[in-house]
Structures are given as structure tokens and as C-alpha cells.
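For the sequence shown, our numbering gives the first residue as 555, with consecutive numbering after it.
Built from N, CA and C at the ideal position, the CB exists for glycine as well.
None of these values were measured; they are calculated from a predicted model.
Below is one structure, written out as C-alpha cells, with a few remarks after it.
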Amino acid sequence: MRQLRRRADLSGVEAARRAGMSQATVSRFETGKRVPTEADIHTLCVVYGASADARCELLTIAEDLRAGSTSARVVLHHHGAPSMQARIGRIESISARIRSFHPAIVIGLLQTHDYARALLSGRYAGRELDAMVAARLTRQQILDSDRKFHFVLTEGVLRWHVGSPQIMIGQAEHLATLVELPNVALGIVPWTRPTNRPILHAFQIYDERAVMLSTETSVALITDARDVADFATRFEIYAGFADYGDAARAVFKRIASEYRGMV
Numbered sequence: 555m556r557q558l559r560r561r562a563d564l565s566g567v568e569a570a571r572r573a574g575m576s577q578a579t580v581s582r583f584e585t586g587k588r589v590p591t592e593a594d595i596h597t598l599c600v601v602y603g604a605s606a607d608a609r610c611e612l613l614t615i616a617e618d619l620r621a622g623s624t625s626a627r628v629v630l631h632h633h634g635a636p637s638m639q640a641r642i643g644r645i646e647s648i649s650a651r652i653r654s655f656h657p658a659i660v661i662g663l664l665q666t667h668d669y670a671r672a673l674l675s676g677r678y679a680g681r682e683l684d685a686m687v688a689a690r691l692t693r694q695q696i697l698d699s700d701r702k703f704h705f706v707l708t709e710g711v712l713r714w715h716v717g718s719p720q721i722m723i724g725q726a727e728h729l730a731t732l733v734e735l736p737n738v739a740l741g742i743v744p745w746t747r748p749t750n751r752p753i754l755h756a757f758q759i760y761d762e763r764a765v766m767l768s769t770e771t772s773v774a775l776i777t778d779a780r781d782v783a784d785f786a787t788r789f790e791i792y793a794g795f796a797d798y799g800d801a802a803r804a805v806f807k808r809i810a811s812e813y814r815g816m817v
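Structure (C-alpha cells):
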């Protein structure tokens, strides 16, 4: 919705005035704190001059979010379920801010080709492996958008030796370059950093609207507002343990250097 408003060259205040809503309501729709009704979507699409396709997409996304929050606090699907993958893709496409935490492997959006291939080769082979790697790399194009990303990794992510020392050198060096992206905050928690919280699993937060948890066999999508808020709090705690900027780059460079010593 934010993208449609910006394309219409309207401020939040002006859009709210034309739609007969408060500016706070428009803001809540855009940040995912509130799911718009069908009538809200129709009204705003008229104000923004949105296409019929855009209106249908927004209606589908709103239906997804309402279904997740009213029928169950957690919606669980097996990996690869087409309906779940499409649903997550729709939510991701409208998210202005994506926060990701992983304690065990490099997050997919940050993986190099060689790392992704080595990691996925444990489950896929042949053309299926080629397709999975290609899809993962294609998704990384989202990093070049106007979305904001905040990634937090533990040092253990790069201590899990995937493929070969050469692959890990390339991956660590790649992460060092990603520190420079203006729309990306990339943090790493050094193994020497004392903490007081356990880390149980990876998760990804889309604005304030949804959380995705992923296991070896299943994906869970959480849309209950209380649960999303709890995960947001947990993310900020983990982020507070991490190093950023030059300090993060130094960690990545140090790890790359240590892998070079293994070649």
C-alpha cells in the first residue's frame, strides 16, 4: 500500500484526507499493524488510481493475513507446499521492512552461489538442485529494492563448515561486502560476546504483520499480533548482541582468514 501511495505522489496525510480516514489508520495499514477491510482496500485503491490487478492482489493478501490470525495462531505447512510458498511470497512482496535471524546457517538472501549449492546438495540433485539454487539467487534481487533489511547472524553460522574452505572464504568475503549496502543492516554476534538469552531457532519478521519459522520439514506462518510483537522484541535483543559496520566486517574478514589457513 505504501508503494501505491508513493506512485500516486501522495503524502500519508493527503491520502488519509481523500480516503476519509485518519493518517494513523493509513500508517497502520502500511506497516502491517492493522489489516484493512475489503472496503478500506477499495477506497484506497480508488484514491491511488490503482489497477484492478493491484486491487485483487491486495484483497488476496488481506485475506491471507486475516485467515492466519483468525483460524489459527500458527499455520503450518510442509516445505514446498505451493499454497504456503505463494502466501509467503505475497506477504514478502508488500513488506517494507524485513528482519531475519539465524543461528546456524547463512540466511538465503545472503548466500553465495557456491554456498547455496553446497548447502542444498544435501537434499536435492541434478536439475532440481539447479532450479533451487537459481530460485534462491533470483530472490536476492529484492535486496536492490527500496525495502529495509535487518539481518542478524551468530558467528556459529560461519563456523558450520559448508562444502569446503574455499566456499566458506567466498561466503565470508561476500558478507563483508554486504555491510556496505545502504538499505541493509547486517549484524553478527561474535562467539566471544557474553549473552543471557538462548537461541532456539531461526525466524523472519515481515513488517509488523507476520513471522515465518522454518524447520527441516515445515514452515510456520504466525500472524497473531501478540506473537509477532514477542518475536520483534526477541529480535531486538539478539540484534543488541551483534556487531555492525566496520566491527562486523572485521569479524567476517577474520573468519575468511582462518579458512584460508586450512587450504
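For Ser-654, the enclosing beta strand (DSSP E) starts and ends at 651–656. Ranked by Cα distance from Ala-726, the first of Tyr-798, Leu-712 and Glu-734 is Leu-712. Assigned with DSSP and collapsed to three states, Leu-735 falls in coil, not helix or strand. At a Cβ-Cβ threshold of 7 Å, Val-706 and Gly-662 do not count as neighbours. Linking Met-816 to Arg-780 through their CA atoms gives a straight-line distance of about 47 Å. Runs of the beta strand (DSSP E) spanning 3 or more residues and lying entirely within the region 735–790 occur at 738–743, 757–760, 764–768 and 772–776, in chain order. Taking the CA atoms as reference points, Ile-723 sits about 46 Å from Ala-604.
Residue burial is scored here from C-beta neighbours: Val-765 has at least 16 other C-beta atoms within 10 angstroms and is therefore classed as buried.
Leu-598: member of the alpha helix (DSSP H) spanning 592–602, first to last residue. When the beta-carbon positions are compared, Val-567 and Gln-577 come within less than 7 Å of each other. By the criterion of at least three beta-carbon pairs nearer than 8 Å, the region 671–684 is not in contact with the region 727–737.
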